[in-house]
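Participant: The sequence shown begins at 84 in our numbering and counts up by one.
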Amino acid sequence: MTMFIDDEFDRLFKKMSRSFMDLEDIFEDKNIHNLQTFGPVYYGYTMTIGPNGKPIVKEYGNVKPGLLPTAETREPLVDTLVDEKENLVKLVAEMPGVEKKDIKVVVQDKVVQIDAERGDKKYHVKVPIKPKFDENTAKASYTNGILELVFKLKEDPKPKGKTVEVE
Numbered sequence: 084m085t086m087f088i089d090d091e092f093d094r095l096f097k098k099m100s101r102s103f104m105d106l107e108d109i110f111e112d113k114n115i116h117n118l119q120t121f122g123p124v125y126y127g128y129t130m131t132i133g134p135n136g137k138p139i140v141k142e143y144g145n146v147k148p149g150l151l152p153t154a155e156t157r158e159p160l161v162d163t164l165v166d167e168k169e170n171l172v173k174l175v176a177e178m179p180g181v182e183k184k185d186i187k188v189v190v191q192d193k194v195v196q197i198d199a200e201r202g203d204k205k206y207h208v209k210v211p212i213k214p215k216f217d218e219n220t221a222k223a224s225y226t227n228g229i230l231e232l233v234f235k236l237k238e239d240p241k242p243k244g245k246t247v248e249v250e
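Listed below in structure tokens is the structure:
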């Protein structure tokens, strides 16, 4: 088991290293001054351990390796937490510089889309949520640059069936 985890981490870090090397090539380009019109350029990974003990690596940022930014929007850092004891899914997004009235949240087909704009602060992200949740129970709060969305998990329907006696 330890060997599998070591191999998995080695594979992930090699992939991350390649991405950062590609990103360095972008910055070595002589046309870097064109990026100033898009604001800050950032790219990174977050890594957490899932409930099954396997690592979960997510990319974030407004530029992907090998590509220049194509929009003025930033992708906020988003984390999704599943609390099975409380029967909740919590989505947390960091979006400093905007106010509550500037934020638009749309939930559709297991995807949460977050948009916010205030002056030169523009955020956009679509977050797929894997666990089944009830979108009608959504509650959102925004304090000090942190947006929190909370949904109740859907109960898995009990399989309907009939026991057949064997004669």
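By construction, the Cβ of each residue, glycine as well, lies at the ideal position given by its N, Cα and C atoms.
Does L164 pass the burial test, meaning 16 or more other C-beta atoms within 10 Å, or should it be called exposed?
Facilitator: So L164 counts as exposed.
Participant: If contacts are defined as beta-carbon pairs under 8 Å, then L230 and A221 qualify, I think. What distance do you get, rounded to the angstrom?
Facilitator: Going by Cβ atoms, the distance from L230 to A221 rounds to 12 Å, so no, they are not a contact pair.
Participant: Looking only at DSSP bridge pairs, what is T226 linked to?
Facilitator: Partner(s): I229.
Participant: What separation, rounded to the nearest whole angstrom, lies between the Cα atoms of V140 and D192?
Facilitator: Computed Cα separation, rounded: 23 Å.
Participant: By the three-class DSSP mapping on this structure, what secondary structure does K130 have?
Facilitator: Note that residue 130 corresponds to Met in the displayed sequence, not to Lys. M130 falls in the strand class under three-state DSSP.
Participant: Relative to the C-alpha of K215, which candidate in G136, E167, G144, D162 has its C-alpha closest?
Facilitator: Measuring from the Cα of K215, the nearest candidate turns out to be E167.
Participant: In whole angstroms, what separates the C-alpha of V194 from that of K235?
Facilitator: Computed Cα separation, rounded: 15 Å.
Participant: Please return the same chain residues whose Cβ sits closer than 6 Å to the Cβ of K209, not counting the five positions on each side in sequence.
Facilitator: Correct list, in chain order: V194, Q196.
Participant: Determine the direct distance from the alpha carbon of K184 to that of D93, and round the result to whole angstroms.
Facilitator: When rounded, the distance between both Cα atoms is 44 Å.
Participant: Given this structure, state the Cα-to-Cα distance separating P179 from N170, to the nearest angstrom.
Facilitator: Going from the Cα of P179 to the Cα of N170 covers about 29 Å.
Participant: Just how far apart, CA to CA, sit E238 and L95?
Facilitator: Answer to the nearest angstrom: the Cα atoms are 34 Å apart.
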